[in-house]
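A.B. asks: If you use this note's numbering, the sequence shown corresponds to residues 22 to 139, in order. We put the beta carbon where it would ideally sit given N, CA and C, even for glycine.
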Amino acid sequence: LVGGILGMQFLMGKMDACSDGEVQDQGDCVGLDGDGEVRSWDPYYVNFDNTYRSMISMFLIATQDDWVSHMWAGIDATAARKGPVQNASPGLSLFYIGMIFASGMVVINIFVGVFVDC
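Here's what the structure looks like:
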């Protein structure tokens, strides 16, 4: 829960992008792109926009299920209603790596507690 709340503070509303990679602002993400496809402003599927999504995101990070690509998506996040920019917030890597270590320690404590209790 703490990691999810921290993730919400750092990344809430910032992990969205236009389906047309050339558009950076949500207001400009209308109409058709160069291929004739309708543009849409969509969130990254692992995001911290609300408590439920942040807990799902933290579970995916804790299980280390493709966590590196999720970390890069977080690092590329810029601001609300703005598209991603490569390496915009490299300091967020400390958040992701810290959550990996913290969740790993929790899992180790659970296993040690079960074995010691037996």
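(1) Out of curiosity, what's the CA-to-CA distance linking C39 and A123?
(2) Less than 8 Å between the C-beta atoms of Q45 and G104, yes or no?
(3) If you run the structure through DSSP and keep just helix, strand and coil, what is V59?
(4) Cβ atoms of S75 and G25: under 8 Å apart, would you say?
(5) Taking C-alpha atoms, which residue in G28, G57, D56 and D63 lies nearest to G48?
(6) Pick helix, strand or coil for D54, following the three-state DSSP scheme.
(7) Determine which residues share a DSSP beta bridge with D37 and list them.
(8) Within a Cβ cutoff of 7 Å, which residues of the same chain sit near M79, ignoring the five residues on either side of it in sequence?
(9) Going by DSSP in three states, D138 sits in which element: helix, strand or coil?
(10) Give, in chain order, every unbroken run of the beta strand (DSSP E) that is at least 3 residues long and sits entirely within the region 62-132.
C.D. replies: The answer reads as follows:
(1) For C39 and A123, the distance between alpha carbons rounds to 33 Å.
(2) Less than 8 Å divides the Cβ of Q45 from the Cβ of G104.
(3) V59 carries a strand assignment under DSSP once its states are collapsed to helix, strand and coil.
(4) The answer is yes: Cβ separation under 8 Å.
(5) Looking at the Cα atoms, D63 is the closest of the given residues.
(6) When DSSP states are grouped into helix, strand and coil, D54 belongs to the coil group.
(7) DSSP links D37 through a beta bridge to P64.
(8) Here the set comprises G24, G25, G28 and M120.
(9) Helix.
(10) You should have 62-64.
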